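Read through the structure below, which is laid out as structure tokens, and then see the notes.
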Amino acid sequence: PPPVERPQGTEVIAWAAGRFSQAVFVTYEQVGPGDAFGQMMMRNIAARGCPLLGLEAFPDFEAQRQRYLQAGWHRAECETMKDLYEVRLHPDERARAGGVEWL
């Protein structure tokens, strides 16, 4: 399926905020388009026909937080995948993930 464009993605976030009284909404978003790695990431992904449509509109954690708060969420937090892996993931799960063979 085609990627969800920025306005549609924000509409989904707002819909969820208005639909549930208690919820956790998890998304995986790229951040940091301004540095060398971010520029390369954007070019490489766009060259494959999958441009990162919301990255320029929401380029960092604070922009992502504000996106959720303005869409009706009462609280919004952002973490890197590295932090999630190292801090939040149980050591047993890290060990299991480390043993998975990559294709």
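Under this note's numbering, the very last position in the sequence shown is 158; numbers go up by exactly one each time.
Beta carbons are placed, not taken as given, at the ideal position from N, Cα and C, and that holds for glycine.
All of these numbers come straight from a predicted model, not from anything done at the bench.
Taking buried to mean at least 16 other C-beta atoms within 10 Å of its own C-beta, is residue i buried or exposed?
i: Q16; result: The structure shown does not extend to residue 16, since the chain spans only 56 to 158, so no value can be given for it.
i: Q63; result: exposed
i: L80; result: The residue you asked about is not Leu; residue 80 is Phe in the sequence shown. The residue in question, F80, is exposed, as its Cβ has fewer than 16 Cβ neighbours within 10 Å.
i: F113; result: buried
i: L110; result: buried
When the distance is taken between beta carbons, is residue j closer than 8 Å to residue i?
i: G127; j: A69; result: yes
i: L108; j: I100; result: no
Tell me the rounded alpha-carbon separation between residue i and residue j.
i: R149; j: Y123; result: 29 Å
i: L144; j: C133; result: 15 Å
i: G87; j: A118; result: 11 Å
i: G153; j: Y83; result: 20 Å
i: R74; j: V67; result: 10 Å
i: A71; j: E156; result: 36 Å
Helix, strand or coil for residue i? Go by DSSP, reduced to three states.
i: F113; result: coil
i: V142; result: helix
i: T135; result: coil
i: E156; result: coil
i: G179; result: A question about residue 179 goes unanswered here, because the residues of the chain that appear run from 56 up to 158.
Inside the segment 71-111 only - alpha helix (DSSP H) runs reaching at least 4 residues: 91-102
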